[in-house]
Each structure stands twice: as C-alpha cells, then as structure tokens.
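Trainee: Here the sequence shown is numbered in our numbering, starting from 3 and rising by one per residue. Next up is a structure, given as structure tokens.
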Amino acid sequence: MNIKTSSAIFAAALMAVTPFGASAAESKNSPVFPQFNSNDVNGTVTVIVPDGYTADIAVTFDSPEGTDIPYYDIRKVSGGECSLDIEGRNNTKDDYRYYELAVTITGGSRISEVFKDIINGNEKESFLIPDPNDTPDSYKNYTYKFTVDDTDNGKSWEITAADKTSKTVSVHLNAIIQGDVNDDGKVDGIDASKVLTSYAMESAGKRSELTEKQQKAADVNSDGKVDANDASLILSFYAYNSAGNDVTLADYIKARKK
C-alpha cells in the first residue's frame, strides 16, 4: 500500500472517532498523517477564525512520497485560534515538502468558497519549513487571520494584507446575493416561492415577512419593489442553470433584456 492510500485510510478512521465541534485547543497537534514525527516539527501555522463562525481546516503536502498527502483535517473549528505543528524538511529533490493550507468558513447557512494557499509562498520553489536538524534555530511561525464582511465585488474572498509571516483574508460571506432570498448560498425555486408569498401578502394588505436584507436580494430586476416579476426571473434563472448552463443571475437578466 502506498503512502497516499494509507494516509487516506488513517484519516478516515480518525474522523470516525473524533467528534465534530473541536475547539482550537483540541485541534493542536492532531495531524492525520500517520508518519508524523514531533521531533521534526520546526514550524507552527496559526489559523484565526472570526467569532461566531466555524472553519474546516485542512493541510496537504507534495513531496517525493506523493502529492496531496493528507496532513491535517480538522472540522468545525469554532471562532478563535487553531495552531498546527508542521514538520520541517530540506529543500532538495529527495527531501522536500510543499504544504498547502485549505480553509472553508461557515456562518449560519452560508459556506465560503475554499481558500487555498501554499504556506509561506506561492511558488513551488519556495523554501518553506526548514529541517530543524540541518538548520538549527530556524523555527517558523505563520499566521492566517480570517475576517468576514458583506463586500459584494464578485469574489468569495481576498487577501487584504500579507507579509513574510502572516496573511489576512477577508471572506465576503455576508454579501447580499441577488436572488438568494432565504440566504442559503444558492438561487432556486425556494427563493422564488418566498418572493411570491411576500407579494401575495402585500397584495392582501398584509406586511411582508421578508427582512430588509431579503427584500434587497429579492428585487432582482432592481425596480424598487418585490413582486411576481422578480419571482418569475428567479424561477426561470434556476430552470436555465438546472438545464446544464452556468451563468450568474446578473448575466442572465442582462441577456434577457437584449
């Protein structure tokens, strides 16, 4: 059995006996890589999760042993700091490791797109975590701080600050997504139904149950009101993408106007 296969089996077994909801303290020193040697640790990666949110954190590495080898796989880390011990290696053809961090932030019903980064660099030639035996007094500390905002610029996240030892990543998790009325991260028939219900209530002289944020998401044709026209656009857009197309709601509406 090759090392990549055995690592995957070991990771699955560990996940089966490890409860979700681990705190930052519980996630310390919990690699899924079976050949992990604490004597080779020469770096710490700290992931800071914003309060009120959770994160799935994974680290894999490429080396002469294989590619995408599971190293850490931590689920539902609550807001706070999560520290990961990282082993060092030489930067030679027969003794190297390129570690990649992957973080997904969850808040309520929304889940961000995965953030991925080669730890301490974006080039495969980067000298990452040095071998502690060959390079004494070379311990490395890297910090990834995640924040959540409501910026709507078409991106899921952005690196807003970076230096040799840290990066700040702004995740636009709270942005208003046009058409996503129930705020579950997708636009579908349920959203159209909520718009129609709201329109029916207001037509009957009753107050809409939609929040201000939901009303902004529901007014997909930007005419300042939420009505059957918005519901129709949402439903037809959902049907269009369900047929195998892949466009944004904004582009779909723009194409219909031509």
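Ideal Cβ positions, reconstructed from N, Cα and C, are used throughout, including at glycine. Because the structure is a prediction, the values reported are computed rather than measured.
Looking at residue 112 and residue 191, is the spacing between their C-beta atoms short of 8 Å?
Mentor: It is not a contact, given that the beta carbons lie outside the stated cut-off.
Trainee: Taking only three categories from DSSP, how would you classify residue 249?
Mentor: Residue 249: coil per DSSP, three-state reduction.
Trainee: Around the Cβ of residue 197, are there at least 16 other Cβ atoms within 10 angstroms (buried) or fewer (exposed)?
Mentor: By the neighbour-count rule (16 or more Cβ atoms within 10 Å), residue 197 is buried.
Trainee: So the beta strand (DSSP E) residue 143 belongs to, where does it begin and stop?
Mentor: 142–150 is the extent of the beta strand (DSSP E) around residue 143.
Trainee: Apart from the five residues just before and just after residue 157, which ones in its own chain have a Cβ nearer than 7 Å to its Cβ?
Mentor: Excluding residues within five positions, the ones whose Cβ falls inside 7 Å are 174.
Trainee: Whole angstroms is fine: what's the gap from residue 219's alpha carbon to residue 118's?
Mentor: Distance between the alpha carbons of residue 219 and residue 118: 29 Å.
Trainee: Thinking C-beta only, is residue 80 closer than 8 Å to residue 56?
Mentor: Yes, these two residues count as a Cβ contact at 8 Å.
Trainee: Quick test of your reading: residue 109 and residue 150, contact by CB under 8 Å. State the CB separation rounded to the nearest angstrom.
Mentor: About 6 Å separates the two Cβ atoms, so the contact holds.
Trainee: Are residue 180 and residue 251 close, meaning C-beta to C-beta below 8 Å?
Mentor: Result yes, Cβ atoms of residue 180 and residue 251 sit closer than 8 Å.
Trainee: May I have a chain-ordered list of the beta strand (DSSP E) segments no shorter than 3 residues that lie completely inside the segment 79–117?
Mentor: Qualifying beta strand (DSSP E) stretches, in chain order: 100–109.
Trainee: Is there contact here, the segment 41–55 with the segment 132–142, by at least three beta-carbon pairs under 8 Å?
Mentor: Contact holds: three or more Cβ-Cβ distances are below 8 Å.
Trainee: Considering only C-alpha positions, which residue in the set 202, 177, 50, 201 is nearest to residue 145?
Mentor: Ranking the options by Cα distance to residue 145, first place goes to 50.
Trainee: Excluding five sequence neighbours on each side, which residues of the same chain lie with their C-beta closer than 6 Å to the C-beta of residue 159?
Mentor: Closer than 6 Å at Cβ, skipping near neighbours: 117, 171, 173.
Trainee: Out of 168, 176, 94, 230, which one is the CA nearest neighbour of residue 47?
Mentor: It is 168.
Trainee: Tell me the DSSP secondary structure of residue 162 in three-state form.
Mentor: Strand.
Trainee: Around the C-beta of residue 37, are 16 or more other C-beta atoms found within 10 angstroms, so that it is buried, or is it exposed?
Mentor: Label assigned to residue 37: exposed.
Trainee: Hey, quick one: how far does the beta strand (DSSP E) through residue 51 stretch, first residue to last?
Mentor: Looking at the DSSP string, the run of the beta strand (DSSP E) that includes residue 51 is 43–65.
Trainee: Looking only at its chain, what residues have a beta carbon closer than 6 Å to the beta carbon of residue 210, apart from the 5 residues adjacent to it on each side?
Mentor: For residue 210, where only same-chain residues beyond five positions count, the Cβ hits under 6 Å are 200, 203, 204.
Trainee: Measure the C-alpha to C-alpha separation of residue 32 and residue 73 and round it to an integer number of angstroms.
Mentor: Near 9 Å, if we compare the C-alpha coordinates of residue 73 and residue 32.
Trainee: Go to residue 215, then tell me how far its beta strand (DSSP E) extends in each direction, as first and last residue.
Mentor: First-last for residue 215: 214–220, but that is the alpha helix (DSSP H), not the beta strand (DSSP E).
Trainee: Exposed or buried, which one is residue 22 when buried takes at least 16 other CB atoms within 10 Å?
Mentor: Residue placement at residue 22 is poorly supported in this model, since its pLDDT is 36, which falls under 50; the coordinates are not used for a value here.
Trainee: With distances taken from CA atoms, which of 225, 214, 234 is nearest residue 194?
Mentor: It is 234.
Trainee: Rounding to the nearest angstrom, what Cα-Cα distance links residue 260 and residue 66 in this structure?
Mentor: Taking the straight line joining both Cα atoms gives about 55 Å.
Trainee: In terms of residues, what are the limits of the beta strand (DSSP E) holding residue 168?
Mentor: 168–173 is the extent of the beta strand (DSSP E) around residue 168.
Trainee: Kindly indicate which residue of 95, 237, 52 has the alpha-carbon position closest to the one of residue 263.
Mentor: Nothing about residue 263 can be reported from this structure: the residues present for the chain run from 3 to 260 only.
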